[in-house]
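>
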Amino acid sequence: METARPASLASPESVGMTNPGGSSPFVLTCDHASNFLPPEFGTLGLAAEELSRHIAWDPGALPVARRMAAALDATLVETRISRLVIDCNRPLDAPDLVPPVSESTAIPGNAGLSQKQRAARIALSWQPFHDAVADIIDTRLARGLETRLVSIHSFNPVYIGKSRPWHIGVIHDEDRRLAAPLVAALQRLAGVTVGVNQPYSPADRVYFTLERHARPRGLPCAMIEIRNDEISDEAGQRKWADLLTGIFLDLEPEEARSSRPSAVGKSVQSAS
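When you number the sequence shown by our numbering, it's gap-free, plus one each residue, and the end is 281.
1) Can M77 and A250 be called in contact, C-beta distance under 8 Å?
2) Have a look at K171 and R186 and give me their C-alpha separation to the nearest angstrom.
3) Using CA coordinates, which residue listed in F164, P262, S123 is at the minimum distance from Y209?
4) Buried or exposed, going by whether 16 or more other CB atoms sit within 10 Å of the CB of Q246?
5) What are the boundary residues of the alpha helix (DSSP H) that includes G245?
6) Counting Cβ pairs, one atom from each stretch, are 3 or more of them under 8 Å apart for the segment 41 to 55 and the segment 208 to 223?
7) For the putative contact between L191 and L260, defined by C-beta atoms under 8 Å, what is the C-beta separation to the nearest angstrom?
8) Could you give the residue range of the beta strand (DSSP E) that holds R236?
9) Can you give me the C-alpha to C-alpha distance between T88 and C39, rounded to a whole angstrom?
10) For L252 and N206, what's the separation of their Cα atoms in angstroms?
11) Can you find the residues in the same chain that come closer than 8 Å, C-beta to C-beta, to G227, ignoring five residues on each side of it along the sequence?
12) Using CA coordinates, which residue listed in V203, A57, R197 is at the minimum distance from V179?
13) Could you check which residue in H181, S23, I177 has the C-alpha nearest to that of R197?
14) In whole angstroms, what separates the C-alpha of A231 from that of A188?
15) Going by DSSP, name the residue or residues bridged to A115.
16) What do you get for E22, buried or exposed, if any count of 16 or more other CB atoms within 10 angstroms of its CB means buried?
17) Use the C-beta contact count for G69: other C-beta atoms within 10 angstroms, 16 or more gives buried, fewer gives exposed.
18) What's the call for V101, buried or exposed, on a 16-neighbour Cβ count within 10 Å?
19) Mind reading off the beta-carbon distance from W66 to S43? Whole number of angstroms is fine, and I expect it under 8 Å.
20) So for S172, helix, strand or coil by DSSP?
21) Using the C-alpha atoms, what's the distance from P109 back to R75?
22) From what residue to what residue does the alpha helix (DSSP H) around H139 run?
23) Tell me which residue opens and which closes the alpha helix (DSSP H) that A127 is part of.
24) Please name the residue, chosen from G200, A83, S160, that lies closest to H139 on a Cα-to-Cα basis.
25) Strictly by DSSP, which residues pair up with V36?
26) According to DSSP, simplified to helix, strand and coil, what is V94?
27) Look at the alpha carbon of L55 and the alpha carbon of R62, and state the distance between them as a whole number of angstroms.
28) Tell me the DSSP secondary structure of T27 in three-state form.
29) Can you tell me the Cα-Cα spacing of I145 and I90, whole angstroms?
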């Protein structure tokens, strides 16, 4: 569980933003950052231990995203409510926007919702998240700042009985301006198996945040999926955050590098 949490449906804290004035061209999102359920939802009819599973969030993704944001001097927008309440990385007409089943687990508290109940969940988490992402991007573009959107996720090493060999995946559509050099850099890492549109692709309807915010504005974008057993502890989170930070620093345009604070990126060089 994360420490900063909304207390109720009325809370304004269902989305978090770190470093809105960041100098990095990269804006990071963590769409499934938290497994927190506001008290109004109880456990949605699930056993408490189910809420630590991937069905409720992307374990390890938020610590990686936060460390990257700090090292890059980048803006990070994160959800603070479990995707079991509402999935912010889905369009409003998606059948799994409020998932009745996640993987093979039925979610009793999501069955038979009224339109009023669905609208309340949209207003609680989905709308504030997307408003925050849009606001930060539009503010940057109005200032003439180079902007690239990257979403950070994690995935299960085994899904419905099938093993997934990739340590990390890069998800992209036909715009490969960011994805192609990112994939090339990851493929140069020894001992790392890189998935290209694996374990998911945009056809799996997992690309919504980028489709909504990057594509209409013509921004380079990519989705990063890290296998969650790779980032289950602080050492793994530090390893992957620092590897990715180093790659992203190399991918920055020259003008962004020359204008950034001198302290940025030091954690990468000093990391063990």
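For each residue, glycine too, the CB sits at the ideal point set by N, CA and C.
Reading it off the structure:
1) The answer is yes: Cβ separation under 8 Å.
2) If you draw a straight line from the Cα of K171 to the Cα of R186, it is about 31 Å long.
3) The candidate whose alpha carbon is nearest that of Y209 is F164.
4) Q246 comes out buried.
5) Per DSSP, G245 belongs to the alpha helix (DSSP H) from 243 to 260.
6) No: fewer than three Cβ pairs fall under 8 Å.
7) The C-beta distance from L191 to L260 rounds to 7 Å, short enough to meet the 8 Å contact threshold.
8) Where R236 is concerned, the enclosing beta strand (DSSP E) stretches over 230 to 236.
9) Roughly 7 Å separates the two Cα atoms.
10) If I take the Cα positions, the gap works out to 20 Å.
11) Taken in chain order, the list of residues that qualify is empty.
12) Closest by C-alpha distance to V179, out of V203, A57, R197, is V203.
13) Looking at H181, S23, I177, the one whose alpha-carbon comes closest to that of R197 is I177.
14) Distance between the alpha carbons of A231 and A188 is about 6 Å.
15) For A115, the pairing in a beta bridge is given by DSSP as V110.
16) So E22 counts as exposed.
17) Buried, because 16 or more other Cβ atoms sit within 10 Å of the Cβ of G69.
18) A small fix is needed here, since residue 101 is Leu in this sequence, not Val. The residue in question, L101, is exposed, as its Cβ has fewer than 16 Cβ neighbours within 10 Å.
19) Contact between W66 and S43 holds, since their C-beta atoms are separated by about 6 Å, short of 8 Å.
20) Secondary structure of S172 (DSSP, three-state): strand.
21) Near 30 Å, if we compare the C-alpha coordinates of P109 and R75.
22) Unbroken alpha helix (DSSP H) run through H139: 136 to 151.
23) The sequence shown places Arg at residue 127, rather than the Ala named in the question. First-last of the alpha helix (DSSP H) with R127: 124 to 130.
24) The shortest C-alpha separation from H139 is found at S160.
25) Answer is T84, L158, bridged to V36.
26) In this structure, V94 counts as coil in the three-state DSSP scheme.
27) The straight-line gap separating the alpha-carbon atoms of L55 and R62 is approximately 11 Å.
28) If DSSP states are grouped into helix, strand and coil, T27 belongs with the strands.
29) So the alpha carbons of these two residues sit roughly 20 Å apart.
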